[in-house]
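Using this note's numbering, the first residue of the sequence shown is number 527, and each one after it goes up by one.
Written out below as C-alpha cells is the structure these notes cover.
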Amino acid sequence: MATVVFVDDDFRRMPRADMARLQRLIDAGKFGTHRVPFKDREINVEIKKQGDKVTVRISRTS
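Okay, here's the thing in C-alpha cells:
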C-alpha cells in the first residue's frame with residue numbers, strides 16, 4: 527500500500543465531498559494532471575507516484 531502525501535496546505539480547506547472525489551482518483555491509480563472541483567471552481571491537481579509514495583499537489587501552471 528502506498529503512502530499518500532498532500533504537498534500543499536490548500537487540501538486542508540477542501541470540502542469533504544471534493545476530497546472524496548480526489549481520493550477516488552488516487553485509489554484508482556490515475557496518475558497525471560486532473561481537473562477536480564474545489565469549492566465553487568475547478569483546480570488542476572497533479573498526482574505522481576514516486577517509489578512507495580503518491581504525491582498530490584496543486585498544479586498552478588496552465
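Glycine is no exception: its CB is placed at the ideal position from the N, C-alpha and C atoms.
The model shown is predicted, which means the values in this text are computed figures rather than measured ones.
Assuming contact is defined by CB atoms lying nearer than 8 Å, are residue i and residue j in contact in what I supplied?
i    : j    : result
P541 : K565 : yes
V580 : A528 : yes
Identify every residue that forms a DSSP beta bridge with residue i.
i    : result
Q576 : K579
V562 : I569
V533 : DSSP, once it has assigned bridges, lists no residue as partnering V533.
I552 : Per DSSP, none; premise fails for I552.
Taking the alpha carbon of residue i as the point to measure from, which residue in the options has its own alpha carbon closest?
i    : options                   : result
V530 : I584, V562, Q549 and R539 : Q549
H560 : F532, A528 and R583       : R583
I552 : A543, P563, E572 and D534 : E572
A554 : E568, K574 and I569       : K574
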